[in-house]
Structures are given as C-alpha cells and as structure tokens.
Amino acid sequence: MKSKVYFYNLRANKASSSLSSKVARIFDVAGFKNIIDKNDLVAIKIHFGEKGNNAYINPIYVRKVVDKIKSYGGKPFLTDTNTLYKGSRSNAVDHLVTAIENGFAYAVVNAPIIIADGILSKDSVEVKIDKKHFDTVKIASNIFFANSMIVMSHFKGHELAGFGGAIKNLAMGCAPAAGKQQQHSTVQPVVGKGCTACQMCIRNCPVNAISLVNGSAYIDPSICIGCGECVSICQYGVIKPQWGTDMDAFVERMTEYAYGAYSTKKGKIAFINFVMNVTPLCDCTPWSDAPIVPDIGILASFDPVAIDQASYDLVNQQFGHKGTALEEAGYGMNPGEDKFKALHPETKGELQLKYGEEIGLGTRDYELIELK
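Throughout the sequence shown, residue numbering follows UniProt numbering, covering 1 to 372 in sequence.
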C-alpha cells in the first residue's frame, strides 16, 4: 500500500501562499493533529545547525509547527542530541547557546529547548529492536519519554550516508554519543596526499586520535571511533573514509537506529522534510556550501522512508546549479542523474531506503500529493 506524501512547491504570489503559511497548512492537510492528544509533551526533533552553518531550517518555520501543536492542546519543545565530535554542540550548555545564537530563542519559536540526551550525552534508554546489527539501541531519554514527535528535517547531502533526511534525523539525531559511536563503528578515515598540516582535524577530533607525523595528519586506527568529523572538517578534502570498510554495515546500522527511535512513537510520529538549500554536506559543518539544485519545497508524511524517497526523487529530477560542488563533480547536472552519488561516489545513500523498507521502517512506494 502506498504511503501518502504531501508536497508544496515554493511558488507564492500572496500572503496565504507564503512558505510560512504552507508549513502551517501542510500540518493540517497531512492530518498531524491526529497524533496529538491534549497535554501531550510533543518533541519537535530539529537540527539547530553548527555555528557558522546557515542552511538549517529557518526558526520562523519551526514556530508555525509549534503554534499548530499548541492549538491542538499539545505542549511542544524543540530538541536534538549532543554531537559525538568536538564543536559547538558537544554538550548541552554549548548546544543551547548555539541554538539561541542561530535564532531558536523562545521569543522566536514560542517553545522551550530541551537537549534530549542531557548535559553530557549520558541520558538514554535501551530500546529492543532485534535486527541484524543490533538487539537493542540507545535512544535519548527526553525523546523516548515524549508522548509524540514531529521530525523536521533539512534534506541535503552527507559525506558518509550519501544524503540526510528523516531517516538520518531519527538515527543519529535521536541517539546519545554512545549510540552515534555504535552507528559509526564500521567507518574509519585515512589521510591522503595533499595535507597542509593546518591541524583543523586535530583540534576537532573528539578522542585525540589525530597527530602530525612528518608534516601530515595521521589518524591512529587504534583510537579512532569513526565519527567522520575529520572528513567533514577537512577543507582540502584529503581525509576520506576507507571505502574498503563495510559501508553497507554503516548505513544498515544507522537505519536500524532510525527504526529504534521510530518504534518508540508508532502512531504518534510525523515527518516534515524541507527540500531547499540542498547543500553537499550536512548542517554539522561550520559552513554551508552553495545549494546544488533549485529550492523545491516542503513535504509531509507519517512514513520516514516514503518522505525520504520522495525527497530523493525530487532532487534527482532537477537540473544542477552551475558553479557548485555538483558541477565540479563532473556528473549529476542533468535530470535523472543521482546528485548525491555524484557528490559522494563511494556512499550508498539509497541503501537507507532499501534497508528501511526491509526492516519495516516504512515503504518506498508512495503517492505524491501536490497541494495548491
């Protein structure tokens, strides 16, 4: 049976067709009020963006979801989990400061922020899933105990997962640091030729696995936890994952974590994807590269696999933007070509969708309902 995915494009010619209005309207049209009971504590799972990043979802759109939840008697709060790597969101104090500096203050969003895994990412609950890689997964406590959840995801590229959307937001985004490490444990990067010894990777490694050896960064495989932060942070692109490692296992482990987070909210969870500012990398980088395709719109669904499949398809139907990382890749500029595979050739992003369907996270078979 096809899952319904609702879609608004970004065309507007009056106030009622503004994106802010469409966010509020798609909430209602998709039937999200049905997962909210009076006095429900409703988690809005969001990514607040790293300091320096500007591609994350605009707080004014989050406010529209907050106001909708309140109108149906729910008690919304914005939430995310701390990062595995060093940065501006590795503990709850810095995370809150970053969120506010990036525009998510109460005066803007009309809801409090609660970091779901606690001050030092130690607060989690074991959730039984009985899948291929994990019998149990660790889910952040304040997500686990929320009555319902709206997952708001910025759809974009990702250097390890291929792309990031609802599935990755559930997986990495709902896990404490220990859970993130479990997902990343099959991936270890290496330093290639061209290292400038800028030491950015050394300063950002969460476990001090990187040092300078003979004028080049060296990653000690006995210490490395495979978080991938050095891959993202290297502005020269010389640090790459060892693609000989089992990348299938990484994507499958990530998808199983998404299943674990989803399973705690069955019948009480919904998804909104923002397919705009589609950047090559995730919002964890302290910068944002130019979007690779035109802004497309917003999607809503109760099915995380279907909404990511629809988002993926819509992106790949576009012409690529000139002067971007996609053009530099030498492939992917034409409709029908896989933009994310062009940007990150060794990744297996589509496996998120395939494996997600296999384990019962959702279906790839969807009906796209374009709203006017």
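All C-beta atoms, glycine included, are put in the ideal place defined by N, C-alpha and C.
Quick check: Q188 and Q242, are their CB atoms within less than 7 Å of each other? Contact flag set, yes.
Leaving out the 5 sequence neighbours to the left and right, which residues in its chain are closer than 8 Å to K122 when beta-carbon positions are compared? So the qualifying residues of the chain are P176.
Is K64 buried or exposed, if buried means 16 or more other CB atoms sit within 10 Å of its CB? With 16 or more other Cβ atoms inside 10 Å of its own Cβ, K64 counts as buried.
I298 - partner residues in DSSP beta bridges: Bridge partners of I298: Y8, F274.
Taking its Cβ as the centre, do 16 or more other Cβ atoms sit within 10 Å of T285, making it buried, or is it exposed? buried
Please identify the residue among D248, I298, F302, K14 whose C-alpha is closest to the C-alpha of K265. F302
Please report the distance separating the alpha-carbon of G162 from that of A217. 25 Å
Would DSSP call H158 helix, strand or coil? In this structure, DSSP gives H158 an extended state, which the three-state scheme calls strand.
Give the list of continuous alpha helix (DSSP H) stretches no shorter than 4 residues that lie fully inside the region 126-183. With a minimum length of 4 residues, the unbroken runs of alpha helix (DSSP H) contained wholly in the region 126-183 fall at 141-144, 166-171.
Environment of Y106 [buried if 16+ CB atoms lie within 10 Å]: By the neighbour-count criterion, in which 16 or more other beta carbons inside 10 Å mark a residue as buried, Y106 falls on the exposed side.
From S16 to K372, what distance separates their C-alpha atoms? 11 Å
Excluding the 5 residues preceding and the 5 following N204 in the sequence, name in chain order all residues of the same chain whose CB lies nearer than 8 Å to its CB. Y85, K86, G87, E229, C230, I233
Reducing DSSP to helix, strand and coil, say where P206 ends up. Judged by DSSP in its simplified three-state form, P206 adopts coil rather than helix or strand.
Cβ atoms of G237 and H184: under 7 Å apart, would you say? no
With a threshold of 16 other CB atoms inside 10 Å of the CB of P76, please say whether the residue is buried or exposed. buried
Work out the CA separation of F319 and E337 for me, nearest whole Å. Rounded to the nearest angstrom, the two C-alpha atoms are 9 Å apart.
So, for P112: in the same chain, excluding its five sequence neighbours on each side, which residues have a beta-carbon less than 8 Å away from its beta-carbon? F77, L78, Y106
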